[in-house]
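Quick notes on the structure that follows.
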Amino acid sequence: ALVHEEFPEVVAMPLPDIPVPEMAAQMIGLVGQVQSWVIGPGAGTDEYSMALLQEVLESGSPVLIDADALTLVSRDPNLIQIISRRPAATLMTPHAGELARLLAVERSDVEARPLHFVQEAAARFACTVLLKGPVTLVAHTGQPTRANSTGTSWLGTAGSGDVLSGLAGTYLAAGLDPREAGSMAAFIHGVAGQLLSKGEISPLRSRELADALPDAVAAIRGSRT
2 ALVHEEFPEV VAMPLPDIPV PEMAAQMIGL VGQVQSWVIG PGAGTDEYSM
52 ALLQEVLESG SPVLIDADAL TLVSRDPNLI QIISRRPAAT LMTPHAGELA
102 RLLAVERSDV EARPLHFVQE AAARFACTVL LKGPVTLVAH TGQPTRANST
152 GTSWLGTAGS GDVLSGLAGT YLAAGLDPRE AGSMAAFIHG VAGQLLSKGE
202 ISPLRSRELA DALPDAVAAI RGSRT
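Structure representation (structure tokens):
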């Protein structure tokens, strides 16, 4: 009820206060009924989250893999095989530490050679990979890697990545391919951060960042007219 009151445009399914196994089963029941999945933020890394992730990956819907789901993928070679064989759109959105775990390398190596490792990940997982950082990179094998420099260091706040994932997931649901969805989301997310950081003396909050997305879109449209 609170979600609908604050965000009437969101289609939400309330879940009862039940044990995690039953809740995971209800979520699995939604597979095939959604336009895209954003899986990982706040999901946890237990066996029930693993079961949900596998069901989602085996569905025919576009999937964005982030946060805890990336940790699960790094632990299970079977999930990597499922991802690499998916016919549907797949977008992974790691930061440097998460990408290092996925590729079994040091974080310092990823930070030193981000272009090399994001392209390696895109090839290994046969999907689009968005590497978050000071310059966000979007790689898809066979296409030029895109670099996005919009943003501010204050975007490195708790929940900022969740806003980016939600925005990219929305574009996946709208039918954009994962390279376009990731590129557009990164650009708009960065512009929103720039708008909020003007004159501010404290880090951004993720809720403020989400609220600034419409202004970011308007600013981008205005700059092109």
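Be aware that the sequence shown starts at 2, since it is given in the numbering used here, and climbs by one per residue. We put the CB at the ideal spot given by N, CA and C, even for glycine. The structure presented is a predicted model; accordingly, all values stated were derived computationally and were not measured.
>> According to DSSP, simplified to helix, strand and coil, what is L116?
In response: By 1-based counting over the sequence shown, the position of residue 116 is 115. DSSP places L116 in helix when its eight states are reduced to three.
> Considering only C-alpha positions, which residue in the set G157, P215 and G223 is nearest to S207?
Replying inline: Counted from its first residue, the sequence shown places residue 207 at position 206. Minimum Cα distance to S207 is reached at G157.
>> Under DSSP, the alpha helix (DSSP H) around T171 begins and ends at which residues?
In response: Along the sequence shown, one-based indexing puts residue 171 at 170. Start and end: S161 to A174.
>> Starting from V64, trace the beta strand (DSSP E) in both directions and tell me its first and last residue.
In response: Here the question's residue 64 lines up with position 63 in the sequence shown. Per DSSP, V64 belongs to the beta strand (DSSP E) from V64 to I66.
>> Using 8 Å for Cβ pairs, my map puts G41 next to I66. What's the rounded Cβ distance?
In response: Counting from one through the sequence shown, the residue named residue 41 turns up at place 40. Counting from one through the sequence shown, the residue named residue 66 turns up at place 65. Confirmed, about 6 Å.
>> Bridge partners for T91 per DSSP, in chain order?
In response: The count along the sequence shown starts at 1 and reaches residue 91 at position 90. V64.
> What's the C-alpha gap between L138 and Y49?
Replying inline: Looking up residue 138 in the sequence shown gives position 137. Looking up residue 49 in the sequence shown gives position 48. Cα-Cα distance, rounded: 31 Å.
> Does the distance from the C-beta atom of L103 to that of V119 stay below 8 Å?
Replying inline: On the sequence shown, position 102 is the one that residue 103 refers to. On the sequence shown, position 118 is the one that residue 119 refers to. Not a contact, by the Cβ cut-off of 8 Å.
> For T151, which option in V39, P135 and R222 has the closest C-alpha, if you only look at C-alpha atoms?
Replying inline: The sequence position of residue 151 within the sequence shown is 150, counting from 1. Measuring from the Cα of T151, the nearest candidate turns out to be P135.
>> Taking the straight line between their C-alpha atoms, what separation do you get for N149 and V130?
In response: The residue labelled residue 149 in the question sits at position 148 within the sequence shown. The residue labelled residue 130 in the question sits at position 129 within the sequence shown. N149 and V130: Cα-Cα distance of roughly 13 Å.
> In terms of residues, what are the limits of the alpha helix (DSSP H) holding V57?
Replying inline: As a first step, residue 57 is located in the sequence shown; it is residue number 56 there, counting from the start. Residues E48 to L58.
> Excluding the five sequence neighbours on either side, which residues of its own chain have a C-beta within less than 7 Å of the C-beta of S166, listed in chain order?
Replying inline: On the sequence shown, position 165 is the one that residue 166 refers to. Counting only Cβ-Cβ distances below 7 Å, and skipping sequence neighbours, we find V39, P42, L65, D67 and T94.
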